[in-house]
Amino acid sequence: MTISLDQPSHSSALVEVKGLTVTVNARRPYDIVRGVGLSLAAGEVLGIVGESGSGKTTTALALLGFARPGTVISGSVRIAGTEMVTASEADRRRARGSLVAYVPQDPSSSLNPALRIGAQLDEVLAWRRRDRRQVDKTRVTELLQKVKLPTTREFLRRYPHQLSGGQLQRICIAMAMLKRPRLIVFDEPTTGLDVTTQGHVLETIKELVGPEGAAAVYVTHDLAVVGSIAGRLGVMYSGLLVEEAPTPTVLCHSAHPYSKRLVLATPSVTRRRELHGIAGTPLNPRDRHAGCPFAARCEFAEERCWQVGPQVVEVSEGHRSRCLRAIEVQASQAAASLSGRPGWEEKVATTSPVLTLAGVYASYGSHTVINEVDISVGDGECLALVGESGSGKTTLARCISGIHPDGVEGYLGFDGRALEWPAKKRPREALREIQYIFQNPYASLNPRRTIGHLLMQPLETFGIGAGYAERRTRVAQLLQRVALPAEYENRYPSQLSGGERQRVAIARALAAQPRLMVCDEITSSLDVSIQASVLELLGKLRREENLTMLFITHNLGLVRAIADQVVILQGGRIVEKGPASSILDGPAEQYTFELLANTPVLAGPVGAGE
Amino acid sequence: MTVATGALVAPTTKAQARWNQMLLVRSFHYTRTRTGLALVVLVAAVAVFGPWLAPHNPFAFVGAPFSPASATAPLGTDTLGRDLLSRFLDGGRTILVISLLGTVLGVGSGTIVGLAAGYSLRAVDEVLMRFVDMLLAFPGIVLALLLITVTGPNLAVLVGVIGLTFMPLTARVARAAAIQERESDYVKYAEATGRSLWAILTKEILPNITAPLTVEFGVRLTRAIGLMAALDYLGLGVQPPTADWGVMIQENQPGLTFEPLTVLLPVAAIVVVTIGINLVTDGIGHAAAGADRKVGD
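Below, the structure is given as structure tokens:
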């Protein structure tokens, strides 16, 4: 990456990024983004994919010439001939908004809650209040129409809290485009949105970017989302751009082991296939060594990978990979090296159902959130409970485990016996047999307890194992079963990564020797590679223990990968239920159809284990 | 089962101890904690070892009232002609011990009330907190005056008065912290596995609110010392002729203009210990905030 920065760009590219590096000013400085080079033509959308800590947001901000406090940018970002990195602060400020614009991840926290929408839009065009009267309202109106929002005076007089998440994100997009910037940076703009809303926002972005003649960079962790919107993809790992190619190439003919594994870890809504996680954890840029940062997790790694930092290799026209063995990686059949690992088999129970819900109602105060729900789950089946936010899926799961705090009515039956509500009225045996795993592993483990104690607690509560010594042995076995090192027994939750914490939570549920596991979006806070390995683990455990599972999720791709039965919830009512494959392939209800239509499809990868 | 449970207590307490230890170790990175601790140790040493070092009996008359420093009385004499140094060295124990015991009582009972109210909410919470509000309606010193006037001043009553004054304040802090924790998933998990109320309160919630409670203890301790000095000054605390810093301020007031040391010496001791405790509390508070941030993300 020794490109002279003084030379003018000869290409016709609108945006030219060379050797972009962001360094943390510590006692021992280290690069959180290193040597990123990109170029974009007008009308092009480039996706940047990476997991948490890969430096994708830092890169996105650096494109605006913005460095978070304590970091320094070097290299070159040239947008339509203007250099952002070396420009003065005043020039950079002028460039932001008019030359390059940014759409943040969370619109509700990036709009001022005390200002009306209209005022915030006008503010982009005229910073001073007295100039605002002369603002060209036609541009505002035009953009609001383009993002499919009302243009009425009444709408413009609303405050951000009076708008939905999707509307807010559209406002942010409109704001970003008001001054016709040449580059728009989208930083995970749909992460917090429901799938239907996400679909609409993605549609809006697709329709807007091209005709405006701007280039766009779309940063995300979700391959399926970026696949549906970007023509080219850049994959980031540990602060490095490890691969850059047209989207179909990355998805089907990747020449970097990380991209290859990332595709295999991403669930697809169209086809049931094995999900393969990536073992280990991403390398923190602080601990970077001379070799390839992915070496520790890479099945292609050789001796030299640890010693030589790989340079960018041009695999083919417009396809660059930062791997010493790029050609071999591309030629290899990833599926071959991963076969022979069975995962989630489809199962249809023939015996009577283990869990039965009949006419269940649940409420928060006077507000009914669950309305006449009937569900039955067969022995050893995996039932996916699917719904958007506010559909009552978590409430329903909490009714089953008895921790919903307010009124629950109707019949809840487990293994032929009625389940009381709340949990403290249930016999110990029922509490043991139904185990609930929480969405957020950062909150479900008592931060003041070591992992050993957390795992010891259910053993103690349910009287499993005779005596302290035997329970200690069991704790060690549990750690082993969820693939955590034995020495984690003495660690605190804060010393573990998110994926490791969720493994501890799974181990804690397993400790009780349950028959039914209620998993409440247990992978939604995890990166895809970690999600896939957690699911791999659950699939294995489920097979070994004949566990019945209730899996709550909003991700239809996951449903495809693991579920036997599906229940679609909307506004606390069941919209549709039945075998997973038949519902996903041929939904009977309009709502299910829309959900499926709006779910981004991961195009093309040759799945393993088909 | 009982035997096994007994065996399990050991590691639990050990883990908890390790956390607390970590908090103290972390707080020691701050200069303020070290300075504060030095000040507290200095004053505490005077109070503990002082009586043995005193050159005279604190009740013995060694010269004329308010006489200046001399060979017999190195710092002069007090309002009745007793040795000022001896009385100063002897006068720290009562005020500090009563304050400490009162604070332990107040913060301890407040924690129990606050935890119970915060976790149970609804009926129990209403009853407990209205009682707490009733106590809070009295200005602290008025409540103290009332009780002491009724019962007469003795050490147990003083400890009780400080405890009762502080209980409602601590209860509010503990309740607020407990409410936050009871909503957390790990408490929900404990409920879903049918842990006992006692285990949830003491093993799940209490360890997670030690940081605000530690800070609360420090703040209350300094207030207790101030309250004791005020009661002594009003003649409702420790009774003369006992040598006590609070009492000394009151009885030596007539000599403030011409023998100021008789008043300023006990005042200085109270000021130094108060600043010291505040600095330590501050350091622990900072360390706890830092530690919790680390836990949070």
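Heads up: the protein sequence lines correspond to chains A and B, in order.
All residue numbers for the first sequence refer to my numbering, where the first residue is -2 and numbers rise by one.
All residue numbers for the second sequence refer to my numbering, where the first residue is 21 and numbers rise by one.
By construction, the Cβ of each residue, glycine as well, lies at the ideal position given by its N, Cα and C atoms.
### Task
Measuring only between beta-carbons, confirm whether Ser204/B sits less than 9 Å from chain A.
Translated into positions along the second sequence, residue 204/B becomes position 184. Interface flag for Ser204/B against chain A is set, since a Cβ pair is found closer than 9 Å.
### Query
Where DSSP assigns a beta bridge to Phe48/B, which residues make up the other side?
In the second sequence, residue 48/B corresponds to position 28, counting from 1. Phe48/B is not bridged to any residue.
#### Entry: Asp191/A, buried or exposed, once every other Cβ within 10 Å from all chains shown has been counted against 16
Stepping through the first sequence from its first residue, residue 191/A is reached at position 194. Taking all protein chains shown into account, Asp191/A has 16 or more neighbouring C-beta atoms within 10 Å of its C-beta and is therefore buried.
#### Entry: Residue from Leu593/A, Val46/A, Glu541/A and Gln499/A with nearest C-alpha to Met229/A
The count along the first sequence starts at 1 and reaches residue 229/A at position 232. Residue 229/A is actually Arg in this sequence, not Met. For Arg229/A, the nearest C-alpha among the options comes from Val46/A.
### Query
With 16 other CB atoms within 10 Å as the buried threshold, where does Arg338/A fall?
In the first sequence, residue 338/A corresponds to position 341, counting from 1. Unreliable positioning characterises Arg338/A in this predicted model, as indicated by a pLDDT of 45, which lies under 50. A coordinate reading is not provided.
### Query
Any C-beta of chain A sitting closer than 9 Å to the C-beta of Tyr209/B?
On the second sequence, residue 209/B is found 189 positions in, with the first residue counted as 1. It does; some Cβ of chain A falls within 9 Å.
### Element boundaries [alpha helix (DSSP H), containing Leu534/A]
Position 537 of the first sequence, counted from the start, is the residue given in the question as residue 534/A. Its alpha helix (DSSP H) spans residues Val525 to Glu542.
### Task
Identify whether Val96/B lies in helix, strand or coil by the three-state DSSP scheme.
Taking the second sequence and counting its residues from 1, one reaches residue 96/B at position 76. Inspection of the sequence shows that residue 96/B is occupied by Gly rather than by Val. Gly96/B: coil per DSSP, three-state reduction.
### Task
Alpha carbon to alpha carbon, how far is Ile220/B from Ala210/B? Give it in angstroms, no decimals.
As a first step, residue 210/B is located in the second sequence; it is residue number 190 there, counting from the start. As a first step, residue 220/B is located in the second sequence; it is residue number 200 there, counting from the start. One C-alpha to the other measures close to 7 Å.
### Alpha-carbon spacing of Tyr234/A relative to Glu48/A, whole angstroms
Within the first sequence, the letter at position 237 stands for residue 234/A. Within the first sequence, the letter at position 51 stands for residue 48/A. The straight-line gap separating the alpha-carbon atoms of Tyr234/A and Glu48/A is approximately 7 Å.
### Task
Whole angstroms is fine: what's the gap from Leu95/B's alpha carbon to Val117/B's?
For the purposes of this step, residue 95/B is taken as the residue at position 75 of the second sequence. For the purposes of this step, residue 117/B is taken as the residue at position 97 of the second sequence. Straight-line Cα distance between these residues: approximately 25 Å.
### Message
So, for Gln304/A: in the same chain, excluding its five sequence neighbours on each side, which residues have a beta-carbon less than 8 Å away from its beta-carbon?
### Response
Within the first sequence, numbered from 1, the residue matching residue 304/A stands at position 307. Cβ contact annotation for Gln304/A (same chain, cutoff 8 Å, sequence separation greater than five): Ala287 and Gly288, in chain order.
### Task
Name, please, each residue of chain B whose Cβ falls closer than 9 Å to the Cβ of Asn109/A.
Against the first sequence, residue 109/A aligns to sequence position 112. Result: empty, since nearest Cβ-Cβ is about 26 Å, beyond 9 Å.
#### Entry: Sub-9 Å separation of Ala136/B and Val127/B beta-carbons
Here residue 136/B refers to the residue found at position 116 of the second sequence. Here residue 127/B refers to the residue found at position 107 of the second sequence. Taking 9 Å as the Cβ cut-off, Ala136/B and Val127/B do not qualify as a contacting pair.
### Task
Could you round the C-beta distance between Leu409/A and Ile397/A to whole angstroms and report it? I think they count as a contact, below 8 Å.
Here residue 409/A corresponds to residue number 412 of the first sequence, with the count starting at 1. Here residue 397/A corresponds to residue number 400 of the first sequence, with the count starting at 1. Contact flag correct, Cβ pair sits at about 7 Å.
### Sequence-distant residues of its chain with Cβ nearer than 6 Å to Ala323/A (five each side left out)
Here residue 323/A is taken as the residue at index 326 of the first sequence, counted from 1. Scanning its chain for C-beta atoms nearer than 6 Å, with the 5 sequence neighbours on each side dropped, one finds around Ala323/A the residues Ala252, Val310 and Val312, in chain order.
### Query
Which ranges does the beta strand (DSSP E) cover as unbroken runs of at least 3 residues, wholly within the stretch 220 to 275 of chain A, from first to last along the chain?
Runs found: 229 to 234 and 237 to 243.
### Task
Please list the segments of the alpha helix (DSSP H) lying wholly inside the stretch 156 to 203 of chain A, counting only runs of 4 or more residues, in order along the chain.
The stretch 156 to 203 of chain A is shown to contain whole alpha helix (DSSP H) runs of 4 or more residues at 162 to 174, in chain order.
### Task
For chain B, find out if any of its Cβ atoms is closer than 9 Å to the Cβ of Phe459/A; answer yes or no.
Against the first sequence, residue 459/A aligns to sequence position 462. Chain B, which has a Cβ nearer than 9 Å to the Cβ of Phe459/A, makes this yes.
### Task
Answer with buried or exposed for Leu281/B, where buried requires no fewer than 16 other C-beta atoms within 10 angstroms of its C-beta.
On the second sequence, residue 281/B is found 261 positions in, with the first residue counted as 1. Leu281/B is classed as buried because its beta carbon has at least 16 other beta carbons within 10 Å across all chains shown.
### Query
By DSSP, does Leu276/B sit in helix, in strand, or in coil?
In the second sequence, the residue the question calls residue 276/B occupies position 256. DSSP places Leu276/B in coil when its eight states are reduced to three.
### Message
For Gln562/A, report the span of its beta strand (DSSP E) as first-last.
### Response
For the purposes of this step, residue 562/A is taken as residue 565 along the first sequence, with counting starting at 1. Note, Gln562/A: beta strand (DSSP E), Gln562 to Gln567.
### Query
Going by C-alpha distance, which of Gly274/A, Glu484/A, Arg512/A and Tyr361/A is nearest Gly377/A?
In the first sequence, residue 377/A corresponds to position 380, counting from 1. Nearest to Gly377/A by C-alpha distance, out of Gly274/A, Glu484/A, Arg512/A and Tyr361/A, is Arg512/A.
### Task
Can you pull the chain A residues whose beta carbon is under 7 Å from the beta carbon of Glu224/B, in chain order?
On the second sequence, position 204 is the one that residue 224/B refers to. The answer, in chain order, is Asn443.
### Query
Name the chain B residues that come within less than 8 Å of Lys421/A, Cβ to Cβ?
Position 424 of the first sequence holds residue 421/A. Under the 8 Å cutoff, chain B gives Glu211 and Gly214.
### Query
Taking C-beta to C-beta, are Leu37/A and Val12/A nearer than 9 Å?
Sequence index remark: in the first sequence, residue 37/A carries index 40 (1-based). Sequence index remark: in the first sequence, residue 12/A carries index 15 (1-based). Yes; because the gap between Cβ atoms is below 9 Å, this pair is in contact.
### Task
Could you tell me whether the Cβ of Asn77/B comes closer than 9 Å to any Cβ of chain A?
Translated into positions along the second sequence, residue 77/B becomes position 57. Asn77/B does not count as touching chain A.
### Query
Pairing CB atoms from the stretch 275 to 293 of chain B with CB atoms from the stretch 59 to 71 of chain B, are three or more of them under 8 Å?
At 8 Å Cβ cutoff, the stretches touch.
### Query
Is there at least one Cβ from chain A nearer than 9 Å to Asn228/B's Cβ?
As a working note, residue 228/B is residue 208 in the second sequence. At least one beta carbon of chain A lies nearer than 9 Å to the beta carbon of Asn228/B.
### Query
Looking at C-alpha atoms only, which residue of Arg471/A, Gln528/A, Leu538/A and Thr55/A is the closest neighbour of Leu555/A?
The residue labelled residue 555/A in the question sits at position 558 within the first sequence. Comparing Cα positions, the closest option is Gln528/A.
### Task
Pull up the CB-CB distance for Thr479/A and Gly449/A, whole angstroms please, since I reckon it's below 8 Å.
Within the first sequence, the letter at position 482 stands for residue 479/A. Within the first sequence, the letter at position 452 stands for residue 449/A. Checking the displayed sequence, the identity of residue 479/A turns out to be Val instead of Thr. About 14 Å separates the two Cβ atoms, so there is no contact after all.
### Query
Based on Cα-Cα distance, which residue from Gly224/A, Asn281/A, Gly384/A and Ile367/A lies nearest to Val592/A?
Mapped onto the first sequence, residue 592/A falls at position 595. This sequence places Leu at residue 592/A; Val is not what is there. Nearest neighbour of Leu592/A by Cα position, chosen from Gly224/A, Asn281/A, Gly384/A and Ile367/A, turns out to be Gly384/A.
### Query
Around the C-beta of Asp153/B, are 16 or more other C-beta atoms found within 10 angstroms, so that it is buried, or is it exposed?
Position 133 of the second sequence, counted from the first residue, corresponds to residue 153/B. Asp153/B sits exposed, since fewer than 16 C-beta atoms from the chains shown fall within 10 Å of its C-beta.
### Query
If you drop the 5 nearest sequence neighbours on each side, which residues of the same chain put their C-beta closer than 6 Å to that of Ile70/A?
Residue 70/A sits at position 73 when you count from the first residue of the first sequence. The beta carbon of Ile70/A is closer than 6 Å to those of Val19, Ala59, Ala64 and Val82 in its chain, skipping five residues each way along the sequence.
### Query
Could you check where the beta strand (DSSP E) with Asn368/A kicks off and where it finishes?
As a first step, residue 368/A is located in the first sequence; it is residue number 371 there, counting from the start. Element bounds for Asn368/A: His364 to Val374.
### Query
What separation, rounded to the nearest whole angstrom, lies between the Cα atoms of Trp72/B and Gly257/B?
Within the second sequence, the letter at position 52 stands for residue 72/B. Within the second sequence, the letter at position 237 stands for residue 257/B. Within the model, the alpha-carbon separation for Trp72/B versus Gly257/B is close to 24 Å.
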